[in-house]
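S.K.:
Residue numbers (this note's numbering): 1369 to 1499.
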């Protein structure tokens, strides 16, 4: 159970990374690449940032099994989805259909890659650290 508390503390560090990444998207990627490619680049950048931070901190979580890493990844995925929906709907006031646009991979939206990276980051980072 302690590993969930530690993994929650690591997940909290994703929030400032995501905010900084959003600023990078708005200030650099979107002006240079346009909205669709800017969002795609931002999704890839955030995925790499999540993996990088996880790589640095995976040992501190205190898990040492494949199943444990997948539980942490699922926990992070749930936290991310809850945060995203809560923030978008309650704080920003975006309607749900606006939020769901980021899930349309056929329109160049790669947010699903960020969610996959969030889920698999603990397992990938543990494998990378063992090498």
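All C-beta atoms in this analysis are idealised placements derived from N, C-alpha and C, irrespective of residue type, glycine included. Everything numeric in this text was worked out from a predicted model, so none of it was measured.
Going by CA-CA distance only, name the one from 1409, 1389, 1397, 1471 that's closest to residue 1483.
M.R.: When only C-alpha atoms are compared, the closest one is 1471.
S.K.: Let me check understanding here. Comparing Cα to Cα, which of 1450, 1398, 1442, 1379 lies closest to residue 1500?
M.R.: This structure does not reach residue 1500, given that the chain is present from 1369 up to 1499, and the question cannot be answered.
S.K.: For the alpha helix (DSSP H) containing residue 1487, name the first residue and the last one.
M.R.: Per DSSP, residue 1487 belongs to the alpha helix (DSSP H) from 1479 to 1498.
S.K.: Quick one: what does DSSP say residue 1369 is sitting in, helix, strand or coil?
M.R.: Coil, per DSSP.
S.K.: Which residue from 1453, 1437, 1410 puts its Cα closest to that of residue 1387?
M.R.: Considering only alpha carbons, the answer is 1410.
S.K.: Taking the CB atoms as reference points, tell me whether residue 1440 and residue 1399 lie closer together than 8 angstroms.
M.R.: Cβ distance not < 8 angstroms, so residue 1440 and residue 1399 don't count as in contact.
S.K.: DSSP state of residue 1433, grouped into three classes?
M.R.: If DSSP states are grouped into helix, strand and coil, residue 1433 belongs with coil.
S.K.: Using CA coordinates, which residue listed in 1415, 1426, 1447 is at the minimum distance from residue 1437?
M.R.: Comparing Cα positions, the closest option is 1426.
S.K.: Rounded to the nearest angstrom, what separates residue 1462 and residue 1456 at their Cα positions?
M.R.: Whole-angstrom Cα-Cα distance: 5 angstroms.
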